[in-house]
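Top to bottom, those sequences are chains A and B. Per the numbering used here, the first sequence starts with residue 196, numbered consecutively. Per the numbering used here, the second sequence starts with residue 1206, numbered consecutively.
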Amino acid sequence: GIQVEQSPPDLILQEGANSTLRCNFSDSVNNLQWFHQNPWGQLINLFYIPSGTKQNGRLSATTVATERYSLLYISSSQTTDSGVYFCAVVTSGYSTLTFGKGTMLLVSP
Amino acid sequence: NAGVTQTPKFQVLKTGQSMTLQCAQDMNHNSMYWYRQDPGMGLRLIYYSASEGTTDKGEVPNGYNVSRLNKREFSLRLESAAPSQTSVYFCASSEAGTGPYEQYFGPGTRLTVT
């Protein structure tokens, strides 16, 4: 099956710093989603981005499907950005998501 | 519009007991999914239902059964719980039977088997 690798596994930032999270996948995809799992365990949809670039406030994401990677940018980080960020993909011909192991982000004041 | 709801939020079982986790969605989605999340890992698919009346196994189906009760509801049953099933269980739904549509997740059920 498809492999999804996220980097870095852990990241510690000072409030106000910027960061880039990466997701590499081993096969072509027709769906890619980014999620934020907050400290209470809730999974929050950030982006549905099988290709191209999207922005939502301080967050933006870019997927380059031909090169099999996606990037999540967080600018001017806040303590509420802390949690685990997951990338998940659907491979062509399937309808189910395969998740990476996530990047744990801690933003300190 | 509540989205995806799950009950219960927490549950403790003894080894060998059975229970059913309930999931409902009010977005008129065709597809529904059950995942489990273990510490330090991403979510893994247990079972899914591409449309009402169909169910299929995912990556980790052993020890579980599912029922797609109607378009809104998809339940997950543990017939004889084992400590290895201690996990957080998430239900999700998406628009289409097959295809790449965005999935939306419920709040999760934290299950402990002693």
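Note that beta-carbon positions come from the ideal geometry of N, C-alpha and C, so glycine has one too.
Proximity of residue 282(A) and residue 265(A) at Cβ, strictly below 8 Å: yes
Within 10 angstroms of its Cβ, does residue 228(A) collect 16 or more other Cβ (buried), or is it exposed? buried
In angstroms with no decimal places, state the Cα-to-Cα distance between residue 1224(B) and residue 1214(B). 13 Å
Less than 8 Å separating the beta-carbons of residue 1280(B) and residue 1272(B)? yes
Helix, strand or coil: which one does DSSP assign to residue 205(A)? strand
Would residue 1309(B) pass as a contact of residue 1209(B) if the rule is Cβ separation under 8 Å? yes
Using a Cβ cut-off of 8 Å, pull out every chain B residue sitting near residue 243(A), in sequence order please. 1307
Would you mind telling me which residues of chain B sit closer than 7 Å to residue 297(A), beta carbon to beta carbon, in chain order? 1247
Thinking residue 304(A) and residue 275(A) are a contact (beta carbons under 8 Å), I'd like their distance in whole angstroms, please. Not really, about 11 Å apart at Cβ, beyond 8 Å.
Based on the DSSP output, what are the partners of residue 217(A) in its beta bridges? 202(A) and 266(A)
Which whole runs of the beta strand (DSSP E) in the segment 1253-1298 of chain B are 3 residues long or more, in chain order? 1269-1273 and 1279-1283
In angstroms, rounded to a whole number, what distance separates the CA positions of residue 197(A) and residue 291(A)? 11 Å
Compare the C-alpha of residue 1235(B) against each of 1220(B), 1257(B) and 1297(B) and name the closest. 1257(B)
Specify the secondary structure class of residue 275(A) as computed by DSSP and reduced to three states. helix
In chain B, which residues lie less than 7 Å from residue 236(A) when you measure between Cβ atoms? 1293 and 1313
How about residue 302(A) and residue 277(A): do their beta carbons lie closer than 8 Å? yes
According to the Cβ coordinates, are residue 1268(B) and residue 1283(B) closer than 8 Å? yes
Determine the direct distance from the alpha carbon of residue 246(A) to that of residue 257(A), and round the result to whole angstroms. 7 Å
Name, going along the chain, the residues of the segment 1252-1263 of chain B whose beta-carbon falls closer than 8 Å to a beta-carbon of chain A. 1253, 1255 and 1263
Quick check: the Cα distance between residue 1264(B) and residue 250(A), rounded to an integer number of angstroms? 32 Å
Residue 1248(B) beta carbon near the ligand ADP (any heavy atom closer than 7 Å): Only the bare structure without any ligand can be found here, which leaves the ligand ADP out of the picture.
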